[in-house]
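One structure is given here, and the rest of the page talks about it.
In the numbering used here, the protein residues as written are 202 to 291.
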C-alpha cells in the first residue's frame, strides 16, 4: 500500500477515496481514528488515502483532479448572522 493523498480532514479523505473507487481503484483511509487525539498529536499528516502499489499510477490523475477542486472551494462561508446569507425564496 502507498499513500497518494494526505488529507486535512476526514471529509476530504472520504471525497478522494470515493473518487478513486468510482474510477475502479481500491482505496483505504488510514489515520482517521487518530483525529480524536488532536492536541496530543501533530495535526498534519494524520489522515492518508492509500492505494495498492499497483494502482499508484492510475490513482495520481484522479487525486490531482480532486485536490485541484478542493483547493478552489471557499475556505470561509458567510456567517449565519450576515444579511443575505440565504437565497431569496422563489
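Beta carbons are placed, not taken as given, at the ideal position from N, Cα and C, and that holds for glycine.
Nothing here was measured: the structure is a model prediction, and the numbers come from that model.
Would a C-beta distance cut-off of 9 Å place residue i and residue j closer than the cut-off?
i	j	result
residue 220	residue 249	no
residue 230	residue 252	no
residue 257	residue 203	yes
residue 224	residue 205	no
Could you name the residues that DSSP lists as bridge partners for residue i?
i	result
residue 252	203
residue 224	The partner list for residue 224 (beta bridge, DSSP) is empty, contrary to what the question assumes.
residue 214	DSSP output for residue 214 lists no bridge partner at all.
residue 233	Residue 233 is not bridged to any residue.
residue 208	248
Quick one: measure Cβ to Cβ for residue i and residue j, integer angstroms, because I've assumed they're closer than 8 Å.
i	j	result
residue 232	residue 247	4 Å
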